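Residue numbers (full-length UniProt numbering), protein chains in the order written: chain A, 1 to 332; chain B, 1 to 332. Ideal Cβ positions, reconstructed from N, Cα and C, are used throughout, including at glycine. Computed from a prediction, not measured in an experiment: that's the story for all the values here. Reviewing the structure listed below.
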DNA sequence: CTGAAAGCGCTTACAG
DNA sequence: CTGAAAGCGCTTACAG
């Protein structure tokens with residue numbers, strides 16, 4: 001069905017080995033005339049090399065595997081797309097494997113190994129404490145992750161979570177807020193702990209430590225943000241600003257504040273995290289800390305490819321985050 | 001680096017061919033005892049079959065290619081994820097290839113062909129009029145698409161766009177609206193023409209044909225929806241409802257209506273299309289026609305796999321859409 | 001029940 | 001400059 005190297009060689013009147021060399025661009029081989037004949041035979045026949053055969057002998061699939069946990073999530077899909085593009089621009093294919101309730105991490109990794117991917121990119125924050133993932137990933141194959149991997153040893157490419165917390169705190173402090181609450185993600189998560197640390201330290205440095213009653217935990221969802229906000233205000237009604245660990249929860253926070261009859265941002269300021277596409281379109285437009293998902297994907301893929309190419313790469317590389325000020329924050 | 005069939009066979013004391021058969025589950029072969037030895041040798045050694053070698057001899061990569069144009073777009077990423085999962089559940093890998101400004105369609109398809117994917121799933125609405133894509137896809141390889149492909153011949157799996165227009169019109173008509181405007185996507189697009197047709201016919205059937213001045217074209221973006229709305233109201237200030245061709249533009253529409261001092265939905269109702277994750281969280285919560293992206297992805301992958309398996313599949317399969325009524329529509 | 005042969009489509013030393 | 005050999009890791013008839 002596909003034309004093979006032998007077909008091309010036959011038409012050009014050479015051995016298929018010679019055709020192989022010419023088509024692979026080995027210059028100092030073949031006379032200009034045979035070279036020309038081979039090239040045109042390949043074009044005439046519409047020759048498309050077989051990556052499986054090539055991969056088999058070269059012992060490299062020229063493919064990276066991408067292990068993602070939920071890329072209907074806007075953040076993850078941005079990451080995966082950017083990674084795929086970066087890989088493509090360096091000639092590598094991207095094989096996607098998703099992990100979710102039905103499919104365990106081990107199986108997903110194994111699939112990737114069967115295809116003999118040259119390396120694996122992990123974007124599976126929900127699996128950061130999963131020992132089986134850590135175990136499956138341990139081995140000689142290059143791996144790079146945007147989240148912590150259980151057991152360690154995997155280079156981490158991500159954003160500076162502590163700075164995220166710091167930026168949010170300093171912005172609100174600078175506006176003159178004195179009583180700031182926060183709606184955080186699940187406490188067990190690294191990202192949550194790091195953001196809390198940066199946030200907490202900035203507040204303490206300003207002489208107003210964060211009391212436990214101004215911290216409420218939620219589950220990254222709109223509904224979670226909504227109900228957390230009600231709990232937060234029940235626990236301390238004097239709050240004038242809220243730092244929320246992602247934009248989706250921030251929408252729920254805005255809704256809840258609105259229900260409480262608070263004017264935004266006059267009565268209560270809100271800062272989110274992520275800067276998803278809709279953040280600027282909310283009412284009020286959301287002030288948020290932009291997390292560079294695309295840049296992270298591109299960087300992670302680039303480092304993975306470097307690593308595959310034999311270079312050494314850092315064990316950790318954090319990209320800077322950036323505060324995007326819009327309408328949801330003001331002086332109290 | 002990887003253990004091979006020969007390693008397993010050596011440890012089990014059999015030929016590698018016998019090991020192959022046993023590991024492939026060919027039952028009526030091998031005695032229980034050798035069978036057992038082979039299985040445990042494979043387990044002990046951590047044998048992972050090489051999909052490239054297998055693919056080479058079987059002449060099937062057990063992989064599908066997914067060609068997408070912009071999967072940072074929430075709709076496309078939902079589609080791709082669902083397709084990937086459906087493929088995985090039937091044992092197929094998914095190789096992603098994205099097309100965008102820098103990379104032409106031909107090259108993206110060729111990459112997929114190099115990997116000898118068993119079929120291709122296309123999700124590239126922006127390329128529906130691109131002859132080079134149509135040409136690159138023409139051939140014996142099974143292809144299924146969620147958008148029209150230039151030149152035809154590719155089974156189309158999608159949603160019922162005409163019904164989308166009809167549902168929106170009937171909902172607004174039922175509410176008692178008499179002067180309804182619409183913010184459409186680029187006129188050249190199939191999806192736009194089909195939605196217009198359903199919308200127009202429902203209005204005509206109700207005795208109130210749609211005048212040109214109540215139609216404005218935009219580019220699917222928030223800003224496009226925003227400016228289109230100002231143009232629409234300049235052209236006919238008496239409008240009491242707007243049907244918008246996607247949710248992102250609908251956000252811009254809400255914003256523009258708000259700027260004009262209109263109360264929503266009392267002074268003007270809005271119906272979107274898509275039902276993206278944020279639609280229910282807008283203020284007012286958006287009434288919209290839900291497009292089943294995930295179901296489409298799953299169905300498209302399933303049909304492609306059927307096709308690869310030799311079954312006949314329909315040339316066209318449209319999934320029903322559904323009106324989701326929220327707060328952005330009411331009686332005028 | 002088990003093994004040896006042939007071959008999938010290539011690349012890469014190695015000869016000539 | 002060109003070709004023949006060997007081999008990548010498998011599967012699948014075909015013998016025994």
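Taking a contact to require three or more Cβ pairs closer than 8 Å, the stretch 180-193 of chain A and the stretch 211-228 of chain A qualify as touching. Contacts between residue 50(B) and chain A, judged by CB atoms closer than 8 Å, involve 56, 114 and 116 in chain order.
Burial state of residue 237(B) is exposed, judged by a 10 Å Cβ sphere holding fewer than 16 other Cβ atoms. In terms of CA proximity to residue 306(A), 142(A) leads the group 262(A), 142(A), 191(A) and 323(A).
Here the stretch 90-101 of chain A lies against the stretch 61-68 of chain A, with 3 or more beta-carbon pairs under 8 Å apart.
Distances from the CA of residue 121(B) to each of 106(B), 91(B), 131(B) and 154(B) were compared; the closest alpha carbon is that of 154(B). Scanning the stretch 92-148 of chain B from its first residue to its last, the whole alpha helix (DSSP H) runs of 4-plus residues come out as 105-114 and 131-137. Residue 39(B) has a beta carbon lying at 9 Å or more from every beta carbon in chain A. Listed by position along chain B, the residues whose Cβ is nearer than 9 Å to that of residue 281(A) are 222, 248, 251, 252, 254, 255, 278 and 282.
DSSP places residue 204(B) in the helix class (H, G or I) of the three-state scheme. Bridge pairing for residue 229(B): absent [DSSP]. DSSP places residue 184(B) within a strand segment (E or B) once states are collapsed to three.
Contacts with chain B (Cβ-Cβ distance below 9 Å) from the stretch 179-203 of chain A involve no residue at all.
For residue 66(A), a Cβ of chain B is located within less than 9 Å of the residue's own Cβ. The alpha helix (DSSP H) runs lying completely inside the stretch 283-310 of chain A and spanning 4 residues or more are 293-308, given in chain order. With respect to residue 250(A), residue 272(A) sits close: the two C-beta atoms are nearer than 9 Å.
Close CB contacts of residue 131(B) within its chain, under the 8 Å cut and outside five residues either way in sequence, are with 150 and 151 (chain order). Per DSSP, residue 63(B) is not a residue of any alpha helix (DSSP H); the beta strand (DSSP E) it occupies stretches across 63-68. Taking every protein chain shown into account, the CB of residue 325(B) has fewer than 16 other CB atoms within 10 angstroms, so this residue is exposed. Around the beta carbon of residue 162(A), 16 or more other beta carbons sit within 10 angstroms, so the residue counts as buried.
Within the stretch 129-160 of chain A, 140 place their CB atoms closer than 7 Å to a CB of chain B, listed in sequence order. For residue 176(B), the number of other beta carbons within 10 angstroms of its own is below 16, and it is reported as exposed. Fewer than three pairs of CB atoms, one per stretch, sit closer than 8 Å, so the stretch 32-48 of chain B makes no contact with the stretch 36-56 of chain A. Burial is judged here by how many other beta carbons sit within 10 angstroms of a residue's own beta carbon; residue 52(B) has at least 16 and is buried. The three-state secondary structure of residue 43(A), taken from DSSP, is helix. Spatial neighbours of residue 78(B) in its own chain (CB-CB distance under 6 Å, excluding positions within 5 residues in sequence) are listed in chain order as 293 and 294. In this structure, residue 317(A) lies near residue 158(A), with their beta-carbon atoms less than 9 Å apart. The beta carbon of residue 97(A) falls within 9 Å of a beta carbon belonging to chain B, placing the residue at that interface. At least one beta carbon of chain A lies nearer than 9 Å to the beta carbon of residue 77(B). Taking a Cβ-Cβ threshold of 7 Å, the residues of chain A close to residue 93(B) are 95, 111 and 115, in chain order. Taking 9 Å as the threshold, the shortest C-beta distance from residue 88(A) to chain B falls below it.
With respect to residue 248(A), residue 275(A) sits apart: the two C-beta atoms are not nearer than 9 Å. In this structure, 252(A) is the residue among 245(A), 234(A), 252(A) and 83(A) with its C-alpha nearest to the C-alpha of residue 281(B). Sequence-distant Cβ neighbours of residue 109(B) in its own chain, meaning closer than 6 Å and more than five residues away, are 136. At a beta-carbon threshold of 7 Å, the residues of chain A lying near residue 1(B) are 140, ordered along the chain. Three or more beta-carbon pairs separated by less than 8 Å link the stretch 195-202 of chain A to the stretch 163-175 of chain A, which places the two stretches in contact.
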